[in-house]
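Asks: So the sequence shown is numbered by this note's numbering: it starts at 508 and just counts up by one. For reference, the structure I am asking about is given below.
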Amino acid sequence: MANQATRIAVIGGGMGGLTAAIALTRIAGVQVTVFEQASKLGEVGAGVTVAPNAARVLDKLGVYEKIKALGAVPDGHGVYLDSMGNMVTDAAWEDSAKQYQNVGMYRPDLINALAGEVDPETIRLGHRLKSVEALESGVRVEFDNGVHEDFDAVVGADGIHSVVRKAVDQHLEPVYSGYIVYRGVIDASRLPEGWPMISQVWMGNNRHFMCYPLQQRNLFNFVAGIPSDRPLNGPWSGPAETSELAAEFAGDGWDPKLQHFIEQIDKTFWWGLFDHEPLTNWSRGAITLLGDAAHTMLPHQGQGVNQAIEDSMALATFLAEADDVSDIPEAFRRYTAVRMQRTAILQNGSRRSGAMFDAQYEFADLKKRDADIRVGRDFRRSAVFDYDAEKVAEKALNRFRRISVV
Ligand SMILES: Cc1cc2nc3c(=O)[nH]c(=O)nc-3n(C[C@H](O)[C@H](O)[C@H](O)COP(=O)(O)OP(=O)(O)OC[C@H]3O[C@@H](n4cnc5c(N)ncnc54)[C@H](O)[C@@H]3O)c2cc1C
Numbered sequence: 508m509a510n511q512a513t514r515i516a517v518i519g520g521g522m523g524g525l526t527a528a529i530a531l532t533r534i535a536g537v538q539v540t541v542f543e544q545a546s547k548l549g550e551v552g553a554g555v556t557v558a559p560n561a562a563r564v565l566d567k568l569g570v571y572e573k574i575k576a577l578g579a580v581p582d583g584h585g586v587y588l589d590s591m592g593n594m595v596t597d598a599a600w601e602d603s604a605k606q607y608q609n610v611g612m613y614r615p616d617l618i619n620a621l622a623g624e625v626d627p628e629t630i631r632l633g634h635r636l637k638s639v640e641a642l643e644s645g646v647r648v649e650f651d652n653g654v655h656e657d658f659d660a661v662v663g664a665d666g667i668h669s670v671v672r673k674a675v676d677q678h679l680e681p682v683y684s685g686y687i688v689y690r691g692v693i694d695a696s697r698l699p700e701g702w703p704m705i706s707q708v709w710m711g712n713n714r715h716f717m718c719y720p721l722q723q724r725n726l727f728n729f730v731a732g733i734p735s736d737r738p739l740n741g742p743w744s745g746p747a748e749t750s751e752l753a754a755e756f757a758g759d760g761w762d763p764k765l766q767h768f769i770e771q772i773d774k775t776f777w778w779g780l781f782d783h784e785p786l787t788n789w790s791r792g793a794i795t796l797l798g799d800a801a802h803t804m805l806p807h808q809g810q811g812v813n814q815a816i817e818d819s820m821a822l823a824t825f826l827a828e829a830d831d832v833s834d835i836p837e838a839f840r841r842y843t844a845v846r847m848q849r850t851a852i853l854q855n856g857s858r859r860s861g862a863m864f865d866a867q868y869e870f871a872d873l874k875k876r877d878a879d880i881r882v883g884r885d886f887r888r889s890a891v892f893d894y895d896a897e898k899v900a901e902k903a904l905n906r907f908r909r910i911s912v913v
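And the structure:
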């Protein structure tokens with residue numbers, strides 16, 4: 508941005524907010540302050556995949572090598588298996604250029620690596636946002652602790668229950684998918700010798716189990732999706748008994764190798780899966796949204812964080828073009844136009860993937876489900892992994908420039 512004194516508040520110090528802080532500082536050259544409600548930055552002790560489309564962004568931001576070194580690059584493509592462990596198809600695990608692969612990350616490692624790239628003086632912990640108010644020029648943010656401050660613009664990276672979202676006039680009800688997941692990690696040394704260092708997904712009737720390596724292959728992540736009608740009007744997650752999880756995959760109909768994996772689990776917790784319909788707008792004046800605040804999606808394509816990382820690059824690219832703070836609303840409108848389309852496809856695609864893994868709806872025919880999964884593999888590589896968020900934003904900028912000349 509031409510005006511380097513521009514001050515932007517990022518609300519939320521999750522993976523989305525921290526990546527946004529890095530991108531806005533390094534690409535748009537603005538001054539960023541991150542406000543996080545918690546008293547320290549952190550993440551749940553589970554895994555997340557950094558996919559090639561996000562790896563490309565992190566590389567441009569100069570943080571990819573550091574992150575990759577903390578994670579686990581699998582030995583090759585992942586596999587989709589039926590409940591007895593027979594191969595259905597292989598899974599896309601790298602982009603078409605074979606430059607970037609899926610990297611399994613232990614979430615606390617990823618958040619610490621991102622936080623290490625942000626000036627600690629600019630992160631304010633213990634600040635829970637109460638309200639956002641558009642001023643004649645700029646935006647006022649007010650926190651539960653009584654602090655309030657004015658900025659040139661605000662980015663809401665405050666997750667599914669976003670407070671900032673209300674300021675862009677979007678009111679939504681999270682939608683329960685009918686599924687919970689059991690999640691956690693196990694020490695890789697507990698697995699039999701020769702256990703494949705790849706991602707594996709066992710798909711049975713109405714449930715699935717996924718595992719992949721993390722943290723330089725010292726840990727294995729697991730996620731098991733199970734239908735549940737437990738009332739979720741209270742908490743959405745909590746500790747669970749490992750015996751509950753084992754019972755879901757017991758009996759002759761499941762692969763003994765999977766059952767052995769589950770026997771090694773000594774700690775797990777459950778998590779209700781929610782998403783929401785795509786929003787109709789993300790920005791209002793100098794206020795915009797990013798990450799789950801804008802597009803919570805089901806985890807079945809492993810794209811929630813990856814989309815927040817793409818958002819960060821697109822936002823910074825549009826903002827870098829703004830000459831003055833008065834140009835910020837237009838930059839936010841352009842960002843919204845480009846990103847809403849992309850993320851709506853992935854929100855819908857993640858629902859569809861979940862339905863396929865769990866053989867619901869039209870996939871109740873398992874043979875058809877398996878055929879659809881094979882088709883989805885190539886689409887995933889080209890449409891999801893090959894996407895270059897910076898190039899797409901630059902192309903859009905050129906189009907917008909031509910329109911303003913006409
Ligand atoms: C089982 C499961 C598996 C998943 N696997 C993957 C995967 O493999 N790959 C992937 O890309 N995604 C995955 N996801 C999705 C991913 O976890 C989310 O999309 C991601 O965490 C969103 O990041 P965020 O920064 O936008 O929001 P969040 O992680 O929710 O962070 C929001 C931050 O804002 C703070 N905050 C909230 N309200 C306020 C407030 N009022 N004031 C100040 N601070 C506030 C919060 O404390 C938090 O730190 C998975 C999700 C689940 C449930």
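Ideal Cβ positions, reconstructed from N, Cα and C, are used throughout, including at glycine.
Tell me, to the nearest whole angstrom, how far the beta carbon of Asn560 is from that of Glu817; I am working on the premise that it is less than 8 Å.
Replies: Right, the Cβ-Cβ distance comes to about 6 Å (below 8 Å), so this counts as a contact.
Asks: Just the C-alpha distance for Arg697 and Asp877, rounded to the nearest angstrom, thanks.
Replies: One C-alpha to the other measures close to 31 Å.
Asks: Using a Cβ-based criterion (distance less than 8 Å to any ligand heavy atom), does Ala558 qualify as near ligand 1?
Replies: Checking the Cβ of Ala558 against ligand 1 gives yes.
Asks: Can you say whether Arg849 is buried or exposed, counting buried as having 16 or more other CB atoms within 10 angstroms of its CB?
Replies: Answer is buried; the Cβ neighbour count reaches 16.
Asks: Could you check if Gly578 belongs to the surroundings of ligand 1, using beta carbon to heavy atom distance under 8 Å?
Replies: No, ligand 1 has no heavy atom inside 8 Å of this Cβ.
Asks: Under a three-way DSSP split, which group does Ser696 fall into?
Replies: In the structure shown, Ser696 sits in a helix (DSSP, three-state: H, G or I).
Asks: Please state the DSSP three-state secondary structure of Asp830.
Replies: The answer is coil: DSSP assigns Asp830 none of H, G, I, E or B.
Asks: For Phe727 and Lys898, what's the separation of their Cα atoms in angstroms?
Replies: About 34 Å.
Asks: Under 8 Å: does the beta carbon of Trp778 sit that close to some heavy atom of ligand 1?
Replies: Correct: Trp778 has its Cβ closer than 8 Å to ligand 1.
Asks: Ordered along the chain, which non-local residues of its own chain (more than five positions away) have a Cβ less than 8 Å from that of Val708?
Replies: The answer, listed in chain order, is Gly585, Val586, Tyr587, Leu588, Ala598, His715, Phe716, Met717 and Phe864.
Asks: Just to confirm, does Met820 get its C-beta within under 8 Å of one of the non-hydrogen atoms of ligand 1?
Replies: No.
Asks: Where does Tyr571 fall in DSSP's three states?
Replies: Tyr571: helix per DSSP, three-state reduction.
Asks: With distances taken from CA atoms, which of Val692, Arg724 and Glu770 is nearest Ala754?
Replies: The candidate whose alpha carbon is nearest that of Ala754 is Glu770.
Asks: Hey, could you find the ends of the alpha helix (DSSP H) Ile835 is sitting in?
Replies: First-last of the alpha helix (DSSP H) with Ile835: Ile835 to Phe864.
Asks: Looking at C-beta atoms only, is the number of pairs between the region 516 to 524 and the region 541 to 554 that lie closer than 8 Å three or more?
Replies: Because the criterion of three Cβ pairs below 8 Å is met, the region 516 to 524 and the region 541 to 554 touch.
Asks: My output table needs one value for Phe886: the three-state DSSP class, helix, strand or coil.
Replies: Three-state result, Phe886: helix.
Asks: Using the DSSP secondary-structure output, state which residues sit across from Thr556 in a beta bridge.
Replies: Gly611, per the DSSP bridge assignment.
Asks: Would you say the beta carbon of Pro806 is closer than 8 Å to some non-hydrogen atom of ligand 1?
Replies: Under cutoff, so the answer is yes.
Asks: Measuring straight from C-alpha to C-alpha, what distance separates Gly792 and Arg841?
Replies: Cα-Cα distance, rounded: 12 Å.
Asks: Have a look at Ile693, Gly741 and Gln808 and flag the residue whose alpha-carbon is nearest the alpha-carbon of Thr775.
Replies: Nearest C-alpha to Thr775: Ile693.
Asks: Buried or exposed, going by whether 16 or more other CB atoms sit within 10 Å of the CB of Asn813?
Replies: Buried, since its Cβ has 16 or more Cβ neighbours within 10 Å.
Asks: Can you list, in chain order, the residues of its chain whose CB lies under 6 Å from that of Phe768, leaving out five sequence neighbours each side?
Replies: If we look at Phe768 and ignore the five residues flanking it on each side, it has no Cβ neighbours.
Asks: Can you tell me where the beta strand (DSSP E) holding Pro763 begins and where it ends?
Replies: Where Pro763 is concerned, there is no enclosing beta strand (DSSP E), although the alpha helix (DSSP H) it sits in stretches over Pro763 to Glu770.
Asks: Any idea what DSSP makes of Asp782, helix, strand or coil?
Replies: Looking at Asp782 - three-state DSSP - the assignment turns out to be strand.
Asks: Determine the closest residue to Pro703 out of Asn713, Leu632 and Tyr719, with distance taken between C-alpha atoms.
Replies: Closest by alpha carbon: Tyr719.
Asks: Taking DSSP as the reference, what is the three-state secondary structure of Pro742?
Replies: Pro742: coil per DSSP, three-state reduction.
Asks: Starting from the C-beta of Val688, find all residues in its chain whose C-beta is less than 8 Å away, skip the five residues before and the five after it, and write them out in chain order.
Replies: The answer, listed in chain order, is Val730, Ala731, Gly732, Ile733, Trp777, Trp778, Leu780 and Pro806.
Asks: Is DSSP giving Asn728 helix, strand or coil here?
Replies: Residue state, collapsed to three classes: strand.
Asks: Would you mind stating whether Asp626 and Thr513 have Cβ atoms separated by less than 9 Å?
Replies: Cβ atoms of Asp626 and Thr513: not closer than 9 Å.
Asks: Between which two residues does the beta strand (DSSP E) containing Leu588 stretch?
Replies: Its beta strand (DSSP E) spans residues Gly585 to Asp589.
Asks: State the Cα-Cα distance for the pair Gly666 and Ser744, rounded to the nearest angstrom.
Replies: Taking the straight line joining both Cα atoms gives about 15 Å.
Asks: Do Ala664 and Leu796 have their beta-carbon atoms positioned less than 9 Å apart in this structure?
Replies: Yes, the pair counts as a contact, with Cβ atoms nearer than the cut-off.
Asks: Give me the Cα-Cα distance between Val541 and Leu765, rounded to the nearest whole angstrom.
Replies: So the two alpha carbons sit approximately 42 Å from each other.
Asks: Looking only at C-alpha atoms, which of Asp657, Gly861, Ala821 and Phe886 sits nearest to Ala844?
Replies: The candidate whose alpha carbon is nearest that of Ala844 is Ala821.
Asks: Check whether the Cβ of Asp616 lies closer than 8 Å to any heavy atom of ligand 1, and answer yes or no.
Replies: Answer for Asp616: no, Cβ out of range of ligand 1.
Asks: Which residue or residues does DSSP assign as beta-bridge partners of Arg876?
Replies: Answer by DSSP bridge pairing: none, since Arg876 is not bridged.
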